[in-house]
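**Student:**
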Amino acid sequence: MYPMKRGKVVNILYSVTVSSESTYDKLFSKSEKKPLQQAMKYHRLLCEGLSALDHVNVHVISKLPINRSNFKKNYLKSESEIKNKVNYYYISIVNLPLIKNVFAFFTVLYTVIKRCDRDTVIVGDVLNITTSMANIMAGRIKGVKTIGIVTDIPSHLASSNKNSHTERISRFKNFTVKLNNFILQKFDSYIFLTEQMNELINKEGKPYIVMEGHIDSQVVKLRNTLEGKYPGIVCQYAGSLKKIYGIEKLTRAFIHANVEGSELHIYGDGDFVDELQQICAQHPTIRYFGVKLNQYIVNEQLKSTLLINPRPTDEEYTKYSYPSKNMEYMASGTPTLTTKLAGMPEEYYDYIYLIEDESLEGLTKTLQHVLGKSKEELHEKGLKAKEFVLLEKNNIVQAEKLLKLIQQIQ
2 MYPMKRGKVV NILYSVTVSS ESTYDKLFSK SEKKPLQQAM KYHRLLCEGL SALDHVNVHV
62 ISKLPINRSN FKKNYLKSES EIKNKVNYYY ISIVNLPLIK NVFAFFTVLY TVIKRCDRDT
122 VIVGDVLNIT TSMANIMAGR IKGVKTIGIV TDIPSHLASS NKNSHTERIS RFKNFTVKLN
182 NFILQKFDSY IFLTEQMNEL INKEGKPYIV MEGHIDSQVV KLRNTLEGKY PGIVCQYAGS
242 LKKIYGIEKL TRAFIHANVE GSELHIYGDG DFVDELQQIC AQHPTIRYFG VKLNQYIVNE
302 QLKSTLLINP RPTDEEYTKY SYPSKNMEYM ASGTPTLTTK LAGMPEEYYD YIYLIEDESL
362 EGLTKTLQHV LGKSKEELHE KGLKAKEFVL LEKNNIVQAE KLLKLIQQIQ
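For the sequence shown, the working numbering assigns the number 2 to the initial residue and increments by one for each residue that follows.
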């Protein structure tokens with residue numbers, strides 16, 4: 002459907018933390034602490050998009066997100082599988098503190114070098130220090146180009162993870178940010194989520210593309226119908242439950258809005274969970290479901306009335322981020338209500354409802370206004386958004402952009 006021009010085969014070594022859906026479910030479906038799924042979904046869909054193109058071979062070398070909280074065994078042996086034309090190789094994991102990362106570094110380095118030839122391009126996630134160091138070193142040794150995927154700014158990511166840290170932990174975090182920034186500059190080219198990221202990071206003017214995200218081309222098979230909706234008004238938020246992302250204000254605004262027959266369903270984990278559970282006990286219309294597998298959440302999105310992302314726009318980091326949940330929301334066919342994030346291209350505005358006033362009163366009035374619309378009008382808005390992202394932002398179309406970047410740097 003999206004063939005590239007005939008020519009030589011492009012070999013891509015995609016060295017990140019990622020897995021097929023079946024492997025993720027097998028490892029973590031029963032874990033109380035599940036690894037974050039959004040980053041892995043981003044990489045998996047891009048790999049599958051690349052594999053759908055003619056004359057492209059994608060081999061994934063993955064360091065699975067194993068740690069003591071989600072996997073009790075001390076050792077996980079290497080394994081290979083092929084899913085949706087993607088060749089996955091999961092390196093062995095020694096699940097012991099400190100040893101784990103050192104072992105993973107040398108294993109990734111050895112594996113990438115072994116599987117790399119002169120026509121290969123290495124693609125990796127710059128935020129994963131262990132694999133990034135191995136990818137950069139392997140690229141230098143083999144004389145091949147490296148592409149870094151930048152989904153966040155290291156310093157902003159560290160600040161969003163603030164808790165009551167000891168001085169020793171704070172010093173360690175500062176060191177890792179500096180190391181991450183150093184490694185980031187060593188890639189030959191980049192994939193950024195926003196244009197502002199390029200302006201901040203790419204001081205040497207290296208080749209780059211902006212790819213705010215992508216959705217699974219197979220979502221066309223998911224049917225979103227009025228008949229399949231919950232009978233009442235159900236709003237959903239799924240993602241990080243950190244206060245800095247506006248989830249506290251959303252719950253307060255929803256309570257104040259007091260829309261008859263409405264509920265707010267919340268999924269995820271973060272520093273707001275304890276307080277949220279107290280709110281749920283006092284307000285039955287606010288319901289918390291914990292962390293669920295992605296497919297479960299997608300099915301719930303199809304049945305919901307409105308999907309909400311209240312992320313504030315007054316923080317500096319919003320210029321350098323585009324929440325993947327926005328694109329996933331739109332792909333579901335259920336309408337999206339979100340803030341006007343600096344990193345969001347204006348082409349999205351016609352397909353979503355915008356929170357123009359982010360104060361508690363403003364968000365309350367916005368909820369009342371949007372939820373006051375007919376179910377038919379809301380449904381039509383959601384379907385138009387789905388059509389837009391399916392045609393313009395699916396993982397095959399976005400993979401073609403990466404392929405052009407590869408052809409440019411080779």
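For each residue, glycine too, the CB sits at the ideal point set by N, CA and C.
These numbers were taken from a predicted model, which means no experiment stands behind them.
To the nearest angstrom, how far is it from the Cα of Gly398 to the Cα of Gln408?
**Tutor:** One point to set straight first is that residue 398 is Val, not Gly, in the sequence displayed. The straight-line gap from Cα to Cα measures roughly 16 Å.
**Student:** Could you name the residues of the same chain whose beta carbon sits closer than 6 Å to that of Asn199, not counting the 5 residues immediately before and after it, in chain order?
**Tutor:** Contacts found: Phe193 and Tyr209.
**Student:** Give the DSSP bridge partners of Ile192, in chain order.
**Tutor:** In DSSP, Ile192 forms a bridge with Ile150 and Ile210.
**Student:** What does DSSP give as the partner residue(s) for Glu276 in the beta ladder?
**Tutor:** Paired residue(s): none; Glu276 is not in a bridge.
**Student:** Do you know whose CA, among Leu51, Asn96, Ala53 and Lys74, lies nearest Lys64's CA?
**Tutor:** Considering only alpha carbons, the answer is Asn96.
**Student:** Any contact of the stretch 355 to 375 with the stretch 327 to 334, i.e. 3+ C-beta pairs under 8 Å?
**Tutor:** These segments do not touch.
**Student:** Roughly how many angstroms lie between the CA atoms of Leu379 and Tyr350, to the nearest whole one?
**Tutor:** Those two C-alpha atoms are separated by around 15 Å.
**Student:** Val87 to Asn295, Cα distance in whole Å?
**Tutor:** So the two alpha carbons sit approximately 20 Å from each other.
**Student:** Assign Ser263 to one of three DSSP states: helix, strand, or coil.
**Tutor:** The answer is strand: DSSP assigns Ser263 an E or B state.
**Student:** Using beta-carbon positions only, say whether Leu342 and Cys236 come within less than 8 Å of one another.
**Tutor:** For Leu342 and Cys236, no; Cβs fall outside 8 Å.
**Student:** Alpha carbon to alpha carbon, how far is Tyr289 from Ala258? Give it in angstroms, no decimals.
**Tutor:** The alpha-carbon atoms of Ala258 and Tyr289 are separated by roughly 18 Å.
**Student:** Could you give the first and the last residue of the continuous alpha helix (DSSP H) run that contains Gln219?
**Tutor:** No alpha helix (DSSP H) contains Gln219, which DSSP labels as neither H nor E.
**Student:** Answer with buried or exposed for Lys74, where buried requires no fewer than 16 other C-beta atoms within 10 angstroms of its C-beta.
**Tutor:** The residue in question, Lys74, is exposed, as its Cβ has fewer than 16 Cβ neighbours within 10 Å.
**Student:** Ignoring anything shorter than 3 residues, give me the beta strand (DSSP E) runs that lie fully in the stretch 269 to 347, in order along the chain.
**Tutor:** With a minimum length of 3 residues, the continuous beta strand (DSSP E) runs that stay inside the stretch 269 to 347 are 287 to 289, 307 to 310 and 337 to 340.
**Student:** Can you check which of these residues, Ile309, Gly271, Val57 and Ser171, is closest to Lys244 by C-alpha distance?
**Tutor:** Nearest option by C-alpha distance: Gly271.
**Student:** For Glu393, name the three-state secondary structure that DSSP assigns.
**Tutor:** DSSP places Glu393 in helix when its eight states are reduced to three.
**Student:** According to DSSP, simplified to helix, strand and coil, what is Ser70?
**Tutor:** Looking at Ser70 - three-state DSSP - the assignment turns out to be coil, as it is neither helix nor strand.
**Student:** Can you tell me which residues form a DSSP beta bridge with Ser63?
**Tutor:** Paired residue(s): Val17 and Tyr91.
**Student:** Which one of Gly229, Gly363 and Leu227 has the shortest CA to CA distance from Ala254?
**Tutor:** Nearest C-alpha to Ala254: Gly363.
**Student:** Excluding five sequence neighbours on each side, which residues of the same chain lie with their C-beta closer than 8 Å to the C-beta of Tyr76?
**Tutor:** The answer, listed in chain order, is Ser93, Ile94, Val95 and Asn96.
**Student:** With respect to the beta strand (DSSP E) encompassing Lys84, which residues constitute its N-terminal and C-terminal limits?
**Tutor:** Note, Lys84: beta strand (DSSP E), Glu80 to Lys84.
**Student:** Would you mind listing the alpha helix (DSSP H) stretches within the stretch 105 to 151 that are 4+ residues and don't spill past its ends, in chain order?
**Tutor:** Taking only runs of at least 4 residues, the alpha helix (DSSP H) segments lying wholly in the stretch 105 to 151 are 130 to 143.
**Student:** Are three or more beta carbon pairs between the stretch 19 to 32 and the stretch 136 to 150 nearer than 8 Å?
**Tutor:** They do not touch, by the three-pair rule.
**Student:** Reducing DSSP to helix, strand and coil, say where Ile353 ends up.
**Tutor:** Of the three classes helix, strand and coil, the one that applies to Ile353 here is coil, per DSSP.
**Student:** Assuming Tyr90 contacts Ile62 (C-beta within less than 8 Å), just tell me the rounded distance between them.
**Tutor:** Right, their Cβ atoms sit about 5 Å apart.
**Student:** Where do the N-terminal and C-terminal ends of the alpha helix (DSSP H) with Tyr246 fall, by residue?
**Tutor:** From DSSP, Tyr246 is part of no alpha helix (DSSP H); its letter is neither H nor E.
**Student:** According to DSSP, simplified to helix, strand and coil, what is Asn225?
**Tutor:** Correct three-state label for Asn225: coil.
**Student:** Leaving out five residues before and five after Met41 in sequence, what residues of the same chain have Cβ atoms less than 6 Å from its Cβ?
**Tutor:** Excluding positions up to five away in sequence, the list reads Val19.
**Student:** Flag this pair as touching only if the stretch 208 to 228 and the stretch 41 to 51 have three or more C-beta atom pairs under 8 Å; answer yes or no.
**Tutor:** Yes, the stretch 208 to 228 touches the stretch 41 to 51.
**Student:** Going along the chain, which residues of its own chain have a beta-carbon closer than 7 Å to the beta-carbon of Ser70, five neighbours each way excluded?
**Tutor:** Answer for Ser70: Lys34, listed in chain order.
**Student:** What are the start and end residues of the alpha helix (DSSP H) that includes Ala40?
**Tutor:** Here the alpha helix (DSSP H) through Ala40 covers Gln39 to Ser52.
**Student:** According to DSSP, is Lys231 part of a helix, a strand, or is it coil?
**Tutor:** In the sequence under discussion, the amino acid at residue 231 is Tyr, which differs from the Lys named in the question. The answer is coil: DSSP assigns Tyr231 none of H, G, I, E or B.
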